[in-house]
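Quick mapping for you: the protein sequence lines, in order, are chains A and W. The first sequence stops at residue 407 when you use the working numbering, and every number in between is there. The second sequence stops at residue 258 when you use the working numbering, and every number in between is there. Ideal Cβ positions, reconstructed from N, Cα and C, are used throughout, including at glycine. What you are looking at is a predicted structure, and each value in this text was computed from that prediction instead of being measured. For reference, the structure discussed in these notes is given below.
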Amino acid sequence: MTVRLSDYAPIIGPQPVEVMQRLGEHLSKKKVKMINSTAVGGGVAEILQRLVPLFNDLGVKTSWEVLKGGAEFFGITKAIHNALHGTPVELSPEMQAHFLAHTRAQAETFSFAEDFVFIHDPQPATFIEKKTKSSGWVWRCHIDISSPYPPVWEFLRPFVEKYDASIFSAPSFAQELPIPQYQIPPSIDPLAVKNRDVPAEEVRAYLEQIGLDPERPIITQISRFDRLKDPLGVIAAYQLVKRRTDCQLVLAGGTADDDPEGSAVLAEIKEKSAGDPDIHILELPPFSDLEINKLQRGSTVVLQKSLKEGFALTVAEALWKKKPVVASAVGGIPLQIIHNHTGLLVHSVEGAALKIKYLLTHPEAAQKLGENGYQHVKQHFLITRHLRDYLAVIFSLSHPGQDIIRL
Amino acid sequence: MNAPAKSFVFYTSVPLVELTGRAARNVRQLAEAVEQAETSSIFFHTHDYVREHHFLSQEYPSDFAYWVAEILQEKGLGERLAFVDIRHFTSIEALRAEILSILKSQGGKRGEREVLPGLEFHFRKSINIVVPAGRTAENLAEFRNGLEGVDHNSLYYHLIEAHLRDEKPGNDFSNWAAECLGKEKLAGQIGQIDPYVNTLDQTRQRLLSLVDRELTKERMATKLGSYPQTTEVGKALLENPLFARLRVFFGKKDKPQK
């Protein structure tokens, strides 16, 4: 069933929906194209699956097309991705030539008759060579390129600089560029299975089904089994709390079958938690959105003690469920957690333990943080705000250099 | 903006946040950046705060005050920045100078103390798309309905942005009440509400209660004014001192007796 913008009115209120409809009316004769490199899987595809129908629901004719490629091409784009994240990955002249030849050949298979074109991430970045003067092109970068491996960034930069504007998820993710840079954080969908309301009895039944005691405090971290998510640090923090405060710990993530490093991390976690029946390690299969939803709703405190992060939308998901969150100040987390207001930021295992203990022993404070967190997400991290921001980018492209645009 | 017509047109502003590429890790860098930042960036960090975090208590009514006190943990300096009465300034340049003088008062080693990576102050600004909110008011009752239904961005536009847009005291609501409705007292009361120390929801509630009180007075005045003064009961009431005081309170003067 296609979701319509009006379906969100009960959540965000009728006026914000009306305003977006009014903005849409102004753009009803415009056409927009989104291009990325995956149709399914990954955060970008997930967001576009929701955003594109909402654009069309507003009357802004929007298409979404996907850059195609083989294993060799995507091997190169993976190397580019890692290098932009800061890993020193060499991009040989042959790799560069293959990347350019493939993306240029792909660009020939697309039409670019739209008024506005949004190119997502580095894979199709060279498509900018097809830009006509009358159209507005935006490079939407979903990754943190604040400390890229310089040779690879220098290879990509000339293409990026040809765009009319760029979009980054957080100020700390951006690069210095001669084009406007807009801040548009990613978003969660309150109507998606992972975030919609679940009756309390269903949550309780699920907790019991997986061996948790709903009557005792539950600390949860949901993330893949990866060292950068610091699962061993999570266990260490839990153990410090457990010395004096009763609690259970859930570490839930995707299965690590096809990831050798993930399997090794999982083995270490199991070893460290051996003998403690209150530590629950859950390997969730794909499409476990409802289970994640129930876990988050059933938690007393949600933890995101990562060492490095992308935007970490798991934080927004937990805040949306009015949960108190303890998280590291990395990646996009400080945008979501305003320390002492919408959650608590920590910088060490001991800090995490201290804050978890505080929240377990001060339920009123925990409730207040959760309530503020919910309001913060409602205003800043829902798909409707995401849609509104994209509409605003289109208007800003049509009115370059203006700080106030009157319609 | 609403002055030429008697009716009040509610607008709303849709913000788009733009990154400036400028960041600060300590007080010295913050001062340097405040000195050099675009006017729109200073405006963003001292005014958009109300809109961005409208649900929070406005303990630190600017991004600068919050960051210095809560992130950099320079509580004293943060309190001094928080005490800057933003409503007092009708020019951003004067506000910039005030913030700068406070920041520059903290020199030496303390001014060099840095926040942890990831917690830097990033200078931003906003582009605003102003669009009619789809609500207009010809009178106070219609104004109340509009006020109740508009979003936070609309309140921000009429209460906060107006203050500097028109470079005069008050806001769009108080100016309309005074200039178009002739309700100077109500205008004064609306102008007294400080949106920088309240959440936007609290501000809306205060506005609504002021308007409700005024509407009640209007209704009472109408009722008292329409009382049949020519009947025996009416004459008796008019001679009652309490009734006379009520009429005075609700602004009704006795009609000349025929």
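Would you mind reading off the limits of the beta strand (DSSP E) that contains Glu138 of chain W?
By one-based count along the second sequence, residue 138 of chain W stands at place 138. Neither: Glu138 of chain W is in no beta strand (DSSP E) and is coded neither H nor E.
Who are the Cβ neighbours of Arg227 of chain A in its own chain at under 8 angstroms, not counting the five residues just before and after it?
Locating residue 227 of chain A in the first sequence gives position 227, where the first residue counts as 1. These residues qualify, in order along the chain: Glu261, Val265 and Leu307.
Between Ala437 of chain A and chain W, is the shortest Cβ-Cβ distance under 8 angstroms, so that the two count as touching?
Residue 437 of chain A is absent from the model: chain A starts at 1 and stops at 407.
In its own chain, which residues sit with a C-beta less than 6 angstroms from the C-beta of Leu48 of chain A, not counting the 5 before and 5 after it?
For the purposes of this step, residue 48 of chain A is taken as residue 48 along the first sequence, with counting starting at 1. Around Leu48 of chain A: Met34 and Trp64.
Specify the secondary structure class of Arg124 of chain W as computed by DSSP and reduced to three states.
In the second sequence, counting from the first residue as 1, residue 124 of chain W sits at position 124. If DSSP states are grouped into helix, strand and coil, Arg124 of chain W belongs with the strands.
Taking Ala192 of chain A and Asp289 of chain A to be in contact with their CB atoms under 8 angstroms, please state how far apart those CB atoms are, rounded to whole angstroms.
As a first step, residue 192 of chain A is located in the first sequence; it is residue number 192 there, counting from the start. As a first step, residue 289 of chain A is located in the first sequence; it is residue number 289 there, counting from the start. Indeed they touch by this definition, with Cβ atoms about 7 angstroms apart.
Would you mind giving the Cβ-Cβ distance between Tyr182 of chain A and Val34 of chain W, rounded to the nearest angstrom? I have them listed as a contact below 8 angstroms.
For this step, residue 182 of chain A is matched to residue 182 along the first sequence. For this step, residue 34 of chain W is matched to residue 34 along the second sequence. Contact flag wrong, Cβ pair sits at about 22 angstroms.
Could you check if His53 of chain W is buried or exposed, using at least 16 other CB atoms within 10 Å of its CB as the buried criterion?
Indexing the second sequence from 1 puts residue 53 of chain W at position 53. Answer is buried; the Cβ neighbour count reaches 16.
Is it the case that the Cβ atoms of Thr203 of chain W and Leu242 of chain W are separated by a distance below 8 angstroms?
One-based indexing of the second sequence puts residue 203 of chain W at position 203. One-based indexing of the second sequence puts residue 242 of chain W at position 242. No, they are not a contact pair.
Ser105 of chain W: contacting residues in chain A (beta-carbon distance under 7 angstroms)
The residue you call residue 105 of chain W lines up with position 105 of the second sequence. The premise fails here: Ser105 of chain W is roughly 25 angstroms from chain A at the closest Cβ pair, so nothing lies under 7 angstroms.
Below 8 angstroms, can you find three or more Cβ-Cβ pairs linking the region 56-73 of chain A to the region 92-103 of chain A?
yes
Can you pull out the residues from the region 65-92 of chain W whose beta carbon lies closer than 9 angstroms to at least one beta carbon of chain A?
Tyr66, Glu70 and Ile71
Does the beta carbon of Phe168 of chain A come closer than 8 angstroms to any beta carbon on chain W?
The residue labelled residue 168 of chain A in the question sits at position 168 within the first sequence. Yes, Phe168 of chain A lies at the interface with chain W (some Cβ there is under 8 angstroms from its Cβ).
Give the range of the beta strand (DSSP E) segment to which Trp64 of chain A is assigned.
Along the first sequence, read from residue 1 onward, the residue named residue 64 of chain A stands at position 64. Here the beta strand (DSSP E) through Trp64 of chain A covers Lys61 to Val66.
Buried versus exposed call for Asn153 of chain W [16 or more other C-beta atoms within 10 Å across all chains shown]
Within the second sequence, numbered from 1, the residue matching residue 153 of chain W stands at position 153. With 16 or more Cβ atoms within 10 Å of its Cβ, Asn153 of chain W is classed as buried.
Under three-state DSSP, which class holds Leu344 of chain A?
Here the question's residue 344 of chain A lines up with position 344 in the first sequence. Three-state DSSP puts Leu344 of chain A in a strand.
Tell me which residues share the same chain as Gln21 of chain A and place their Cβ nearer than 8 angstroms to its Cβ, disregarding the 5 neighbours each side in the sequence.
Along the first sequence, read from residue 1 onward, the residue named residue 21 of chain A stands at position 21. Leu5 and Leu58, listed in sequence order.
Between the region 240-257 of chain A and the region 351-370 of chain A, are three or more C-beta pairs nearer than 8 angstroms?
yes
Grouping DSSP H, G and I as helix and E and B as strand, with all else coil, what is Ala5 of chain W?
Residue numbering aside, residue 5 of chain W sits at position 5 when the second sequence is read from its first letter. Note that Ala5 of chain W has pLDDT 48, beneath the 50 cutoff, so the model's placement of it is unreliable and the number below is only indicative. Residue state, collapsed to three classes: coil.
From Ala113 of chain A to Leu77 of chain W, what distance separates their C-alpha atoms?
Numbered from its first residue, the first sequence carries residue 113 of chain A at position 113. Numbered from its first residue, the second sequence carries residue 77 of chain W at position 77. Rounded to the nearest angstrom, the two C-alpha atoms are 55 angstroms apart.
Comparing alpha-carbon positions, which option in W:Glu112, W:Phe123 and W:Gln36 lies nearest Tyr49 of chain W?
Position 49 of the second sequence, counting from 1, holds the residue named residue 49 of chain W. Of W:Glu112, W:Phe123 and W:Gln36, the residue nearest in Cα terms is W:Phe123.
Would you say Ala5 of chain W lies against chain A (beta-carbon separation less than 8 angstroms)?
Taking the first residue of the second sequence as position 1, residue 5 of chain W is located at position 5. Reliability of the predicted coordinates at Ala5 of chain W is poor, the pLDDT of 48 falling under 50, and no value is obtained from them.
Expressed to the nearest angstrom, what Euclidean distance is found between the alpha-carbon atoms of Leu295 of chain A and Tyr8 of chain A?
In the first sequence, residue 295 of chain A corresponds to position 295, counting from 1. In the first sequence, residue 8 of chain A corresponds to position 8, counting from 1. Cα-Cα distance, rounded: 24 angstroms.
Rounded to the nearest angstrom, what separates Gly146 of chain W and Ser7 of chain W at their Cα positions?
On the second sequence, position 146 is the one that residue 146 of chain W refers to. On the second sequence, position 7 is the one that residue 7 of chain W refers to. C-alpha separation (whole angstroms): 12 angstroms.
I want to see whether chain A comes within less than 8 angstroms of His45 of chain W, judged by CB atoms only; does it?
Mapped onto the second sequence, residue 45 of chain W falls at position 45. So no, His45 of chain W is outside the interface.
I'd like the list of long-range same chain contacts for Arg297 of chain A, defined as Cβ closer than 7 angstroms, with 5 residues on each side in sequence excluded.
In the first sequence, the residue the question calls residue 297 of chain A occupies position 297. Correct list, in chain order: Val198, Val203 and Lys321.
Range of the contiguous beta strand (DSSP E) that encloses Phe410 of chain A
The first residue shown for chain A is 1 and the last is 407, placing residue 410 of chain A beyond what the model contains.
Can you give the beta carbon distance from Gly215 of chain W to Arg135 of chain W, rounded, assuming they're within the 8 angstroms contact cut?
Position 215 of the second sequence, counted from the first residue, corresponds to residue 215 of chain W. Position 135 of the second sequence, counted from the first residue, corresponds to residue 135 of chain W. Looking at the sequence itself, residue 215 of chain W is Leu, so the reference to Gly does not match. Actually they do not touch by this definition, with Cβ atoms about 17 angstroms apart.
Could you check whether the Cβ of Tyr8 of chain A sits closer than 8 angstroms to any Cβ belonging to chain W?
In the first sequence, counting from the first residue as 1, residue 8 of chain A sits at position 8. With 8 angstroms as the cut-off, Tyr8 of chain A does not count as an interface residue toward chain W.
Measuring only the C-alpha atoms, how far is Gly310 of chain A from Ser146 of chain A?
What you label residue 310 of chain A is simply residue 310 of the first sequence in a count that begins at 1. What you label residue 146 of chain A is simply residue 146 of the first sequence in a count that begins at 1. If you take the alpha carbons of Gly310 of chain A and Ser146 of chain A, they lie about 12 angstroms apart.
Based on DSSP bridge pairs, tell me the residues matched to Leu303 of chain A.
Residue mapping note: residue 303 of chain A aligns to position 303 of the first sequence, counting from 1. Partner(s): A:Val326.
Quick one: which chain W residues come within Cβ less than 9 angstroms of Ser396 of chain A?
Counting from 1 along the first sequence, the entry for residue 396 of chain A is found at position 396. In chain order: Leu16, Glu18, Ile127 and Ile129.
Can you list the residues of chain A that Leu119 of chain W reaches, using a CB-CB cut of under 7 angstroms?
Locating residue 119 of chain W in the second sequence gives position 119, where the first residue counts as 1. Residues of chain A passing the Cβ test: Ala329 and Pro334.
Can you tell which of W:Asp172, W:Val211 and W:Pro61 has the C-alpha that lies nearest to the C-alpha of Leu81 of chain W?
For this step, residue 81 of chain W is matched to residue 81 along the second sequence. With distances taken between Cα atoms, Leu81 of chain W lies closest to W:Pro61.
Does the CB of His158 of chain W have a neighbour CB from chain A at under 8 angstroms?
Locating residue 158 of chain W in the second sequence gives position 158, counting from the first residue. False, the Cβ-Cβ gap to chain A never drops below 8 angstroms.
Would you verify that the beta carbon of Gly21 of chain W is, or is not, closer than 8 angstroms to some beta carbon of chain A?
Walking along the second sequence from the start, residue 21 of chain W turns up at place 21. For Gly21 of chain W, the answer is yes, since a Cβ of chain A falls inside 8 angstroms of its Cβ.
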